[in-house]
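**Q** Residue numbers (the working numbering): 283 to 582. Let me begin by handing over the structure; questions about it come next.
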DNA sequence: GCATGTCAAGTTGTG
DNA sequence: CACAACTTGACATGC
């Protein structure tokens, strides 16, 4: 078993910067490039330190923040690495990341949020989502990330029709993205049961989120869902990836979908013990939560 | 210097 | 039909 940290650190002094389209819009183009170049360069350095740091904490995976190259696909202020004054330096830093993560055996991943929806009814949304995935695919290739996890989308026109659109639009992605794409069950619409046939058709793996499964059950037990999801990875000789989190309030106050600071050990599926799995820990206390879970499970 | 507001995104649900 | 809510942390702004 390896455990994964998601996007940021709470105690370790590693931060990822970003900026907004609005803040950039007022600047002349060269100044936009200069500012973006600074941020991307700093983020590349931070990622290098992040890989070193998770390794020293005994953590085996790291999810890269979505705005790693902020506003990269934005219609007005978007850019390419070649346009940035520090473009070459950034590329070489990312190559260092790839080398280090390979040497330390750290898995890297991306997880664009719900706004990336290639099954949308709106062409414009699909177009922007494809562009966003291509951006993440580019960075994934440069740093050696092997998974980009997304959700199936909303329910416009019904779940079946939405999944059909997902499958119809999938071939529009480059091989770079398709070979990394994985589908994750969500907490309101698409369950493991819904997604398994899609994953099979498209020959892509399923990321099993046990918390979403508990919010949005489908008749499968945790053990069954785990087994089915794992098979979608194993058939390609890849290590399966799963997510775990705990709801913020055990008594259902407030929004049950909010993540808690730490993982309640009771939420950890007993059947996961000893499996060859990468387990992303989605908890607000970040690396502290990963460490505590490992400690409770007797793994550190 | 700190507190509050803003930004970014798509979908769903409400009024 | 229009718009708020959802989510989240860093940026940006104002006092």
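For every residue, glycine included, the Cβ atom is placed at its ideal position computed from N, Cα and C.
Inspect the beta-carbon positions of residue 445 and residue 366 and report whether they are closer than 8 Å.
**A** Position 163 of the first chain, counting from 1, holds the residue named residue 445. Position 84 of the first chain, counting from 1, holds the residue named residue 366. No; because the gap between Cβ atoms is not below 8 Å, this pair is not in contact.
**Q** Return the chain-ordered list of same chain residues with a C-beta closer than 7 Å to the C-beta of residue 293, the five sequence neighbours on each side being excluded.
**A** Indexing the first chain from 1 puts residue 293 at position 11. These residues qualify, in order along the chain: 569 and 570.
**Q** For a minimum of 3 consecutive residues, which ranges assigned as the beta strand (DSSP E) are wholly contained in the segment 546–582?
**A** 560–563
**Q** Taking Cβ to Cβ, would you say residue 524 is nearer than 8 Å to residue 431?
**A** Numbered from 1 along the first chain, position 242 holds the residue referred to as residue 524. Numbered from 1 along the first chain, position 149 holds the residue referred to as residue 431. Contact flag unset, no.
**Q** Residue 344 and residue 286 - do their beta-carbons sit closer together than 8 Å?
**A** Taking the first chain and counting its residues from 1, one reaches residue 286 at position 4. Taking the first chain and counting its residues from 1, one reaches residue 344 at position 62. Yes; because the gap between Cβ atoms is below 8 Å, this pair is in contact.
**Q** Check whether the Cβ atoms of residue 467 and residue 494 sit closer than 8 Å, and answer yes or no.
**A** Taking the first chain and counting its residues from 1, one reaches residue 467 at position 185. Taking the first chain and counting its residues from 1, one reaches residue 494 at position 212. Yes, the pair counts as a contact, with Cβ atoms nearer than the cut-off.
**Q** What alpha helix (DSSP H) runs, 4 residues minimum, are completely inside the segment 349–394?
**A** 369–386
**Q** Taking only runs of the alpha helix (DSSP H) that begin and end inside the segment 448–529, which ones reach a length of at least 4 residues, in chain order?
**A** 457–460, 474–484, 492–497 and 504–516
**Q** Quick one: using the 10 Å Cβ neighbour count with 16 as the cut-off for buried, is residue 440 buried or exposed?
**A** On the first chain, residue 440 is found 158 positions in, with the first residue counted as 1. Looking at its Cβ environment, which holds fewer than 16 other Cβ atoms inside 10 Å, residue 440 is exposed.
**Q** Taking 6 Å as the limit between beta carbons, can you name the residues of its chain near residue 383, skipping five residues before and five after?
**A** Here residue 383 refers to the residue found at position 101 when the first chain is read from its first residue. The beta carbon of residue 383 lies closer than 6 Å to those of 333, 390 and 426 in the same chain, with the five residues before and after it left out.
**Q** DSSP beta-bridge partners for residue 285?
**A** Within the first chain, numbered from 1, the residue matching residue 285 stands at position 3. DSSP lists 561 as the bridge partner or partners of residue 285.
**Q** Hey, out of 299, 284, 385 and 353, whose CA is closest to residue 340's CA?
**A** What you label residue 340 is simply residue 58 of the first chain in a count that begins at 1. Checking every option, the nearest Cα to that of residue 340 belongs to 284.
**Q** The alpha helix (DSSP H) spanning residue 404 covers which residue range?
**A** Here residue 404 refers to the residue found at position 122 when the first chain is read from its first residue. Element bounds for residue 404: n/a, residue is neither H nor E.
**Q** Between residue 377 and residue 397, what straight-line distance do the alpha-carbon atoms span, to the nearest angstrom?
**A** The residue you call residue 377 lines up with position 95 of the first chain. The residue you call residue 397 lines up with position 115 of the first chain. Straight-line Cα distance between these residues: approximately 29 Å.
**Q** Tell me the rounded alpha-carbon separation between residue 471 and residue 479.
**A** Here the question's residue 471 lines up with position 189 in the first chain. Here the question's residue 479 lines up with position 197 in the first chain. Cα to Cα, the separation comes out at about 15 Å.
**Q** Kindly list the residues whose CB is nearer than 7 Å to the CB of residue 363, restricted to its own chain and excluding five residues on each side of it in sequence; keep chain order.
**A** Numbered from its first residue, the first chain carries residue 363 at position 81. These residues qualify, in order along the chain: 369, 372 and 373.
**Q** Roughly how many angstroms separate the alpha carbons of residue 297 and residue 566, rounded to a whole number?
**A** What you label residue 297 is simply residue 15 of the first chain in a count that begins at 1. What you label residue 566 is simply residue 284 of the first chain in a count that begins at 1. So the alpha carbons of these two residues sit roughly 15 Å apart.
**Q** Would you kindly report the start and end of the unbroken beta strand (DSSP E) that includes residue 343?
**A** Indexing the first chain from 1 puts residue 343 at position 61. First-last of the beta strand (DSSP E) with residue 343: 343–346.
**Q** What residue range does the alpha helix (DSSP H) around residue 335 cover?
**A** By 1-based counting over the first chain, the position of residue 335 is 53. Unbroken alpha helix (DSSP H) run through residue 335: 311–338.
**Q** Inspect the beta-carbon positions of residue 460 and residue 422 and report whether they are closer than 8 Å.
**A** Here residue 460 is taken as the residue at index 178 of the first chain, counted from 1. Here residue 422 is taken as the residue at index 140 of the first chain, counted from 1. No.
**Q** Checking 8 Å against the spacing of the C-beta atoms, do residue 456 and residue 419 come in under that value?
**A** Here the question's residue 456 lines up with position 174 in the first chain. Here the question's residue 419 lines up with position 137 in the first chain. Yes, the pair counts as a contact, with Cβ atoms nearer than the cut-off.
**Q** Pull up the DSSP beta-bridge partners for residue 433, would you.
**A** Stepping through the first chain from its first residue, residue 433 is reached at position 151. Answer is none; residue 433 lacks a bridge partner.
**Q** Determine the closest residue to residue 400 out of 519, 553, 443 and 375, with distance taken between C-alpha atoms.
**A** Residue numbering aside, residue 400 sits at position 118 when the first chain is read from its first letter. Nearest option by C-alpha distance: 443.
**Q** Which residues in the same chain as residue 574 place their Cβ atom closer than 6 Å to its Cβ, once the five residues preceding and following it in sequence are excluded?
**A** Looking up residue 574 in the first chain gives position 292. Taken in chain order, the residues that qualify are 544.
**Q** With a threshold of 8 Å on Cβ separation, who are the neighbours of residue 559 within its own chain once the five nearest residues in sequence on each side are excluded?
**A** Start at 1 with the first residue of the first chain, and residue 559 comes out as number 277. Answer for residue 559: 283, 284, 512, 521, 522, 523 and 524, listed in chain order.
**Q** Please report the residue range of the alpha helix (DSSP H) in which residue 303 lies.
**A** Position 21 of the first chain, counted from the start, is the residue given in the question as residue 303. 303–307 is the span of the alpha helix (DSSP H), which, as asked, contains residue 303.
**Q** With respect to 7 Å, is the separation between the Cβ of residue 514 and the closest non-hydrogen atom of the ligand ADP below this value?
**A** No copy of the ligand ADP occurs in the structure displayed, which carries no ligand at all.
**Q** Residues in its own chain within less than 8 Å of residue 448 by CB, not counting five upstream and five downstream?
**A** Numbered from its first residue, the first chain carries residue 448 at position 166. Excluding positions up to five away in sequence, the list reads 400, 401, 434, 435 and 480.
**Q** Looking only at its own chain, which residues have a Cβ that is under 7 Å from the Cβ of residue 416, when we skip the five neighbours before and after it?
**A** By one-based count along the first chain, residue 416 stands at place 134. Only 456 and 459 meet the Cβ criterion.
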